[in-house]
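Residue numbers (this note's numbering), protein chains in the order written: chain A, 684 to 1043; chain B, 389 to 561.
Yeah, the Cβ is synthetic: ideal placement off N, Cα and C, and Gly gets one too.
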Amino acid sequence: MRIKRTIIALWLVSIIFCFSSCRSKTLEIRAIALDFNNVLTINVNEEDIINLETTTKSLLYDICGLSVEKGSIYIQSRNHLRVFDLQGKYIQDISSRGHGEGEYRRISNFFIKEGNIFIYDFDSQSLFKYGLDGLFISRTRIDNIDANKMTPPSALFPCGKDWISVNCYGGDRNIPTLSIWDETLHTSKAVKGRFLNSGTSFYDKLFVSEDRSVLYWEPLCDTIFEIKDYSLTPTYKIDFGEKSLQNNIAVKPIDERLSYLASHPEISFYGMARWFQRCNGNLYFSFVGPGKRVFLCRYNEATGNTLVFSITTPLGNYSVQPFFYIDNDRLLMEAHNENDMTVNPSLLIIQLKDLDHEND
Amino acid sequence: MKMIRICFLLILCSVTICGISCKRSESHRSGNSLESVHKADSIECLKHIGTLITEDSVIITSSDGKDHYIGDLALNDKIIVRFSVFACKPCVDFIVNGVSNRNELVVFIAKSPVYDLHVYEAEMNCTVFNVDRMIIDFDEGLTPYVFKIDDEGRVRDYYIPRRENPTRYMEYL
């Protein structure tokens, strides 16, 4: 009789423990409230603008990815990976589209790891490796995917020794949004918590910090997710107050969110753009408001201090774009020349310490 | 023993016949589906031919950021390829690459940033405009199509090229 009671008591305790741990998980979502009455201004001087050289060989669409390594700026613009020096002079391309050795069909994403450039090509399900000089080194094909359970990655990123993939929609199969792959890219483990339930191809974004923490974002829900215990968990909710996209729309599936906005172009709201980065205890992200006006936000993850910045350029000649990249102690932000639409984008250099000064 | 052999042979024959008939009906069905797509396309094309588009308030933007009315541009006898930035890329490549004389080709893209137009021009080697919405669009412009404009500013030679049938597109061109 006593044993029975003990078992029942243990069972009850374990259930209560389970519930409490679940509740603590949901409570971890932190709101980042933006104060539009206190927007700080960052003035970028002419000498802090890198104009990326425009030649017939160096033309760029919008910037999709950027990395700085050994005095060169590597820029992905759709299916081109172009190299410029720190003054913006065009140097060369890294490979090109094609079917020859070392040529890719399409750039899904690129990154630099241990002094080598990697291009992931979704079309050929291959990871191409090049030297910093652009010389082709090797190609790893991801061809061991169980088609009944998984789809090929739509993007692939390094995560310490392992890899992390953003997956693509796979019909009725319950495909996880993210998976973690072993070093050899032979086996993968699903990241639970979020699945691809709609057929829409959308522009989601992943950021892996040096400490291997992973942040994930998808459009129109103003939420940043984090991987905790192999589960994708909402961590930060950006609160634009009255200027937010209505909550009943933001909670809809992604394809419904996109089609709703496509059919209601008159809706005016503020929303988080695709670009965010974690650096030295701060979370940086850009967001866009009516009139495509771009702002930068810095959120201190320890103190919760949130600063919103508006960026201005000399004579207002540049329109600031949401793309940015933090390179050590400076932030490079994409901008377009308003006076000449046929030149390549420019990069505005913002020193991170200047963001502190603005706060003083 | 004989009976078993006969039964076995009969089963073999029936399985073979079934296999052949299934294959035939499959190929017949796929042929039919392509044909039905062509039929639907033909109806769609007929709907738009003759539509006056120069009188419409459609504004098109050139790569230098300037806005124009269609009627102000010399587009007669040009082959105009229309697609959205969200359209299927291989389909667009197939249609654009089909036009060998690039002087004849003009591209109308929907939903493209103006800053991208000069890059498209360099890559496609032709004139490119951004046109977000046109009265002759169907499927919200996601399905690429081609057309010409006659002297009166009306749509002619409206056609929906399909990658699955390059011969027809060549005939159209």
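Here GLU786(A) has SER778, SER779 and ARG780 as same chain residues with Cβ atoms under 8 Å from its own Cβ, once five neighbours each way along the sequence are excluded. If you compare the alpha carbons of ASP912(A), LYS920(A), GLY964(A) and CYS904(A) with that of PRO936(A), the shortest gap goes to CYS904(A).
Around the beta carbon of ASP922(A), fewer than 16 other beta carbons sit within 10 angstroms, so the residue counts as exposed. Within its own chain, the residues whose Cβ lies closer than 6 Å to the Cβ of HIS456(B), once the five positions on either side in sequence are excluded, are ILE448, listed in chain order. The alpha carbon of GLU984(A) has as its nearest neighbour, out of ARG976(A), SER993(A) and TYR967(A), the alpha carbon of TYR967(A). Annotation for PRO554(B): PHE482 and GLY486 place their beta carbon closer than 8 Å to its own, counting only its chain and skipping 5 residues before and after. GLY954(A) places its beta carbon less than 8 Å from that of VAL971(A). Here PRO532(B) is buried, its C-beta having at least 16 other C-beta atoms within 10 Å.
The way I'd put it, the stretch 710-728 of chain A doesn't touch the stretch 762-769 of chain A; fewer than three beta-carbon pairs between them come closer than 8 Å.
Annotation for ASP520(B): ALA498 and LYS499 place their beta carbon closer than 8 Å to its own, counting only its chain and skipping 5 residues before and after.
At a cut-off of 8 Å between beta-carbon atoms, MET1016(A) makes no contact with chain B. Residues PHE535 and LYS536 of the same chain have their beta carbon placed closer than 7 Å to that of ASP545(B), with the five preceding and five following residues left out of the count.
Shown here for PHE959(A): same chain residues with a beta carbon closer than 8 Å to its own, the five before and five after excluded, namely LYS888, PHE890, LEU898, TRP900, ILE907, LEU966, TYR967, PHE968 and SER969 in chain order.
Beta-bridge partners assigned by DSSP to MET1016(A): PHE1007(A) and LEU1031(A).
Residue range 554-560 is occupied by the alpha helix (DSSP H) that includes THR555(B). By DSSP's assignment, THR989(A) forms a beta bridge with TYR982(A). Residue pairing by DSSP places MET955(A) opposite PHE970(A) in a beta bridge. Inclusion of ILE746(A) and PRO1028(A) in the CB contact set at 8 Å is warranted, their separation being smaller than that value. The beta carbons of THR918(A) and GLU711(A) sit about 7 Å from each other, so the pair counts as a contact at 8 Å. Taking the C-beta atoms as reference points, ALA510(B) is found nearer than 8 Å to THR739(A). Nearest CB-CB separation between PRO532(B) and chain A: not below the 8 Å threshold. ILE825(A) is positioned such that its CB atom lies no closer than 8 Å to that of PRO841(A). The beta carbon of ARG713(A) sits closer than 8 Å to those of THR918, TYR919, LYS920 and GLY987, all from its chain and outside the five residues before and after it, given in chain order.
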